[in-house]
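*Asks:*
Number of protein chains: 2
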Amino acid sequence: MKQEAKSATGAPTTLWDRTRQLASQEILETALRLFTEQGYDETTIAQIAREAGVSQRTLFRYFGTKEDLLGDGQDRFGQVLMDTISEQPADAGVWESLRAGVAAVLALHDSREHALERFRLLHNTASLRAGWLEKRLRFQENLLPLVETRMDAATGNEGAKVRAVIATAFACLDAASMTWVANDGKGEIMDLYDECLAAVRG
Amino acid sequence: MKQEAKSATGAPTTLWDRTRQLASQEILETALRLFTEQGYDETTIAQIAREAGVSQRTLFRYFGTKEDLLGDGQDRFGQVLMDTISEQPADAGVWESLRAGVAAVLALHDSREHALERFRLLHNTASLRAGWLEKRLRFQENLLPLVETRMDAATGNEGAKVRAVIATAFACLDAASMTWVANDGKGEIMDLYDECLAAVRG
DNA sequence: GCCTATCTGACAGCGACTGCCAAGTGTGAT
DNA sequence: ATCACACTTGGCAGTCGCTGTCAGATAGGC
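Protein chains in written order, with full-length UniProt numbering: chain A, 1 to 202; chain B, 1 to 202.
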């Protein structure tokens with residue numbers, strides 16, 4: 001029973017790892033189902049744990065926070081964002097680079113419906129919105145040095161302008177995704193994003 | 001339910017009202033002191049109640065939430081914002097109107113040091129940031145109809161552009177206030193705001 | 001002085017979350 | 001196969017923010 005086939009990711013797939021991944025997936029699916037069925041705030045950790053067949057303690061070991069049960073790739077977002085932007089050609093402007101980053105993050109979603117479900121939950125739950133905005137703000141701070149190199153020199157004021165530009169890009173993403181959800185997923189988010197940015201910079 | 005005279009004339013309010021206000025003030029001051037002394041997350045409700053000389057239950061009756069212990073005028077912000085913007089002359093542009101609203105909100109702070117202390121606490125505490133961003137998002141949604149009238153017609157997409165413009169203004173306020181705090185309160189926030197907006201709208 | 005309206009504190013309880021400890025299970029070496 | 005070790009799991013108690021409830025104190029009007 002040794003030397004199991006290694007997956008393409010090169011991960012040493014032990015039985016533990018497989019079990020872990022299975023349990024993790026089960027928890028995640030149960031949580032998402034219950035959230036969409038009865039709402040985020042109305043779903044307790046106890047219920048998710050019970051229906052997923054694990055103890056609360058184990059659930060919290062897999063996902064440190066109730067919020068983490070939504071964003072599989074919570075941290076992946078930040079990474080993809082940074083990677084994409086830093087990979088942009090040197091002569092690309094700030095706005096194009098940020099646009100590319102936003103597009104890359106949006107492309108992470110599995111399917112259109114999946115994304116819509118996720119977004120809808122996010123925009124309709126105050127506590128989730130708060131957590132998401134906070135996390136996003138941290139991403140923005142991480143982007144500061146990366147974006148600064150692409151802006152006109154003479155920043156002067158501790159990168160206030162850089163912060164503003166980054167925050168504006170995300171503000172447009174917000175406006176776009178909110179509108180997208182309000183329209184029940186009609187059209188492309190990136191088109192809305194472009195519209196928003198045009199309205200702002202027009 | 002009786003709305004006795006609450007005018008600022010110092011009219012003979014009832015003993016209850018006076019006691020209430022006194023307790024409220026005591027709690028507020030104790031909370032702010034402890035927050036700045038040892039941090040927001042490190043200060044428990046039990047401690048504030050103890051040092052303020054009231055029970056936890058009473059504290060929660062005065063302020064429904066731990067966050068409420070910071071924003072005296074939490075809801076006042078939203079009101080001032082709306083009022084100011086709606087009072088702008090009809091021929092004023094969107095950006096000028098929003099600028100006026102931002103300025104009015106900033107003018108609400110008692111003193112410069114008070115504001116700096118408040119902002120510093122806000123920007124250095126993740127949970128507070130999250131709550132603030134969420135509350136602000138609600139303000140933005142409330143502003144939608146007000147601002148829409150000042151924008152070029154043919155919005156089309158459910159006010160995506162309007163949302164984007166409003167969100168951008170607040171994004172600039174964010175960038176400005178963060179930079180202001182980073183600079184230990186040097187300069188004027190509104191100047192930073194103007195710089196930010198200029199950088200965005202190039 | 002009495003009755004009512006309001007306020008207060010104590011207690012119990014919920015939900016998210018953590019630390020701790022004992023028991024179970026896979027893994028590698030013998 | 002066996003043994004020791006690493007890892008994982010579940011239960012229990014406890015913290016913290018927050019809410020419902022209920023008895024008792026206090027101010028107000030009569």
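Beta carbons: idealized from backbone N, C-alpha and C, even for Gly.
Remember, it's a predicted structure, so these values are computed and weren't measured experimentally.
#1: Which of the three DSSP states is assigned to D184 (chain B) in this structure?
#2: Got a sec? Which residues, its chain only, sit under 8 Å from H123 (chain A) by beta carbon, not counting five neighbours each side?
#3: Is it right to say K186 (chain B) is buried, meaning 16 or more other beta carbons lie within 10 angstroms of its own, or is it exposed?
#4: What's the gap between the Cα of E67 (chain B) and the Cα of W132 (chain A)?
#5: Taking CB distances under 7 Å as the criterion, tell me whether L173 (chain B) reaches chain A.
#6: Is there at least one Cβ from chain A nearer than 7 Å to E134 (chain B)'s Cβ?
#7: Could you check where the alpha helix (DSSP H) with G131 (chain A) kicks off and where it finishes?
#8: Check the C-beta distance from K161 (chain B) over to E195 (chain A) and give it rounded, since I have them as a contact under 8 Å.
#9: At what residues does the alpha helix (DSSP H) containing S86 (chain A) begin and finish?
#10: Name the two residues that bound the continuous alpha helix (DSSP H) containing L59 (chain B).
#11: Report back the beta-carbon spacing between residue 243 (chain A) and G78 (chain A) to the nearest angstrom; my notes put them in contact at under 8 Å.
#12: Once the 5 residues before and after D110 (chain B) are set aside, which same chain residues still bring their CB inside 7 Å of it?
#13: Hey, L116 (chain B) and T36 (chain B) are a contact pair by Cβ (cut 8 Å); roughly how many whole angstroms apart?
#14: How is D17 (chain B) classed by DSSP in three states: helix, strand or coil?
#15: Pick from B:G93, B:L108 and B:L22: whose alpha carbon is nearest that of Y62 (chain B)?
#16: If the criterion is Cβ atoms closer than 7 Å, does the pair L81 (chain A) and A31 (chain A) meet it?
#17: Under three-state DSSP, which class holds K66 (chain A)?
#18: Taking just the CA atoms, how far does L98 (chain B) sit from D191 (chain A)?
#19: Note the first and the last residue of the continuous alpha helix (DSSP H) segment covering D191 (chain B).
#20: Less than 7 Å between CB atoms is the rule here; does N124 (chain B) satisfy it with respect to chain A?
#21: Between K161 (chain A) and chain B, is any beta-carbon pair separated by less than 7 Å?
#22: With distances taken between CB atoms, is the gap from V165 (chain B) to V105 (chain B) smaller than 7 Å?
#23: Would a C-beta distance cut-off of 7 Å place D174 (chain B) and A167 (chain A) closer than the cut-off?
#24: Got a sec? Which residues, its chain only, sit under 6 Å from L146 (chain A) by beta carbon, not counting five neighbours each side?
#25: Find the nearest neighbour of R76 (chain A) within the set A:L108, A:Q47, A:A46 and A:L59, judged by alpha-carbon distance.
#26: Please report the Cβ distance between I27 (chain A) and I48 (chain A), rounded to the nearest whole angstrom; I am assuming they are in contact, meaning their Cβ atoms lie under 8 Å.
#27: Starting from S97 (chain B) and walking both ways along the alpha helix (DSSP H), at which residues does that stretch end?
#28: Let me check understanding here. Comparing Cα to Cα, which of A:T19, A:R18, A:I189 and A:D17 lies closest to R112 (chain A)?
#29: I want to verify the contact list: residues of chain A whose CB lies under 8 Å from the CB of G202 (chain B), in sequence order.
#30: Would you mind reading off the limits of the alpha helix (DSSP H) that contains A90 (chain A)?
#31: For a contact defined as C-beta to C-beta under 7 Å, what are the partners of G131 (chain B) on chain A?
#32: Does the Cβ of R57 (chain A) have 16 or more other Cβ atoms within 10 Å, making it buried, or fewer, making it exposed?
#33: Given that L192 (chain A) touches chain B, what residues does it touch there, using C-beta distances under 8 Å?
*Replies:* Answer, in terms of the structure:
#1: Within the second sequence, the letter at position 184 stands for residue 184 (chain B). Here D184 (chain B) sits in coil by DSSP.
#2: Here residue 123 (chain A) refers to the residue found at position 123 when the first sequence is read from its first residue. Contacts found: R129, S177, M178 and V181.
#3: Taking the second sequence and counting its residues from 1, one reaches residue 186 (chain B) at position 186. With fewer than 16 other Cβ atoms within 10 Å, it is exposed.
#4: As a position in the second sequence, residue 67 (chain B) is number 67, starting the count at 1. As a position in the first sequence, residue 132 (chain A) is number 132, starting the count at 1. Approximately 18 Å between the Cα atoms of the pair.
#5: If you number the second sequence from 1, residue 173 (chain B) lands on position 173. Closer than 7 Å: no.
#6: If you number the second sequence from 1, residue 134 (chain B) lands on position 134. Chain A contact via Cβ: present.
#7: Looking up residue 131 (chain A) in the first sequence gives position 131. Following the DSSP letters along the chain, one finds G131 (chain A) inside the alpha helix (DSSP H) bounded by residues A126 to E148.
#8: Indexing the second sequence from 1 puts residue 161 (chain B) at position 161. Indexing the first sequence from 1 puts residue 195 (chain A) at position 195. Contact flag correct, Cβ pair sits at about 6 Å.
#9: For the purposes of this step, residue 86 (chain A) is taken as residue 86 along the first sequence, with counting starting at 1. Its alpha helix (DSSP H) spans residues Q74 to S86.
#10: What you label residue 59 (chain B) is simply residue 59 of the second sequence in a count that begins at 1. Where L59 (chain B) is concerned, the enclosing alpha helix (DSSP H) stretches over Q56 to Y62.
#11: Outside the shown range of chain A, which is 1 to 202, sits residue 243 (chain A), and nothing can be said about it.
#12: The residue labelled residue 110 (chain B) in the question sits at position 110 within the second sequence. Within the same chain, D110 (chain B) has no close Cβ partners at all.
#13: Position 116 of the second sequence, counted from the start, is the residue given in the question as residue 116 (chain B). Position 36 of the second sequence, counted from the start, is the residue given in the question as residue 36 (chain B). Not really, about 11 Å apart at Cβ, beyond 8 Å.
#14: Along the second sequence, read from residue 1 onward, the residue named residue 17 (chain B) stands at position 17. It is helical.
#15: Translated into positions along the second sequence, residue 62 (chain B) becomes position 62. In terms of Cα proximity to Y62 (chain B), the closest of B:G93, B:L108 and B:L22 is B:L22.
#16: Here the question's residue 81 (chain A) lines up with position 81 in the first sequence. Here the question's residue 31 (chain A) lines up with position 31 in the first sequence. No, the pair does not count as a contact, with Cβ atoms beyond the cut-off.
#17: Taking the first residue of the first sequence as 1, we reach residue 66 (chain A) at position 66. Here DSSP, grouped into helix, strand and coil, assigns K66 (chain A) to coil.
#18: As a working note, residue 191 (chain A) is residue 191 in the first sequence. As a working note, residue 98 (chain B) is residue 98 in the second sequence. Rounded to whole angstroms, D191 (chain A) to L98 (chain B) spans 25 Å at the Cα level.
#19: Mapped onto the second sequence, residue 191 (chain B) falls at position 191. Start and end: I189 to R201.
#20: By one-based count along the second sequence, residue 124 (chain B) stands at place 124. Output row for N124 (chain B): interface = no.
#21: Locating residue 161 (chain A) in the first sequence gives position 161, where the first residue counts as 1. By this cut-off, K161 (chain A) is an interface position.
#22: Start at 1 with the first residue of the second sequence, and residue 165 (chain B) comes out as number 165. Start at 1 with the first residue of the second sequence, and residue 105 (chain B) comes out as number 105. Cβ atoms of V165 (chain B) and V105 (chain B): not closer than 7 Å.
#23: The sequence position of residue 174 (chain B) within the second sequence is 174, counting from 1. The sequence position of residue 167 (chain A) within the first sequence is 167, counting from 1. For D174 (chain B) and A167 (chain A), yes; Cβs fall inside 7 Å.
#24: Residue 146 (chain A) sits at position 146 when you count from the first residue of the first sequence. So the qualifying residues of the chain are I85 and S86.
#25: Counting from one through the first sequence, the residue named residue 76 (chain A) turns up at place 76. Answer by Cα proximity: A:L108.
#26: Walking along the first sequence from the start, residue 27 (chain A) turns up at place 27. Walking along the first sequence from the start, residue 48 (chain A) turns up at place 48. Yes, I27 (chain A) and I48 (chain A) are in contact; Cβ-Cβ is about 7 Å, under 8 Å.
#27: One-based indexing of the second sequence puts residue 97 (chain B) at position 97. Secondary structure note for S97 (chain B): its alpha helix (DSSP H) is the uninterrupted segment V94 to L106.
#28: As a first step, residue 112 (chain A) must be located in the first sequence, where it is residue number 112. Measuring from the Cα of R112 (chain A), the nearest candidate turns out to be A:I189.
#29: For the purposes of this step, residue 202 (chain B) is taken as residue 202 along the second sequence, with counting starting at 1. Result: R201.
#30: Indexing the first sequence from 1 puts residue 90 (chain A) at position 90. Neither: A90 (chain A) is in no alpha helix (DSSP H) and is coded neither H nor E.
#31: One-based indexing of the second sequence puts residue 131 (chain B) at position 131. Under the 7 Å cutoff, chain A gives A130.
#32: Here residue 57 (chain A) corresponds to residue number 57 of the first sequence, with the count starting at 1. That one is exposed.
#33: Within the first sequence, the letter at position 192 stands for residue 192 (chain A). Residues of chain B with a Cβ closer than 8 Å to the Cβ of L192 (chain A) are, in chain order, N157 and A160.
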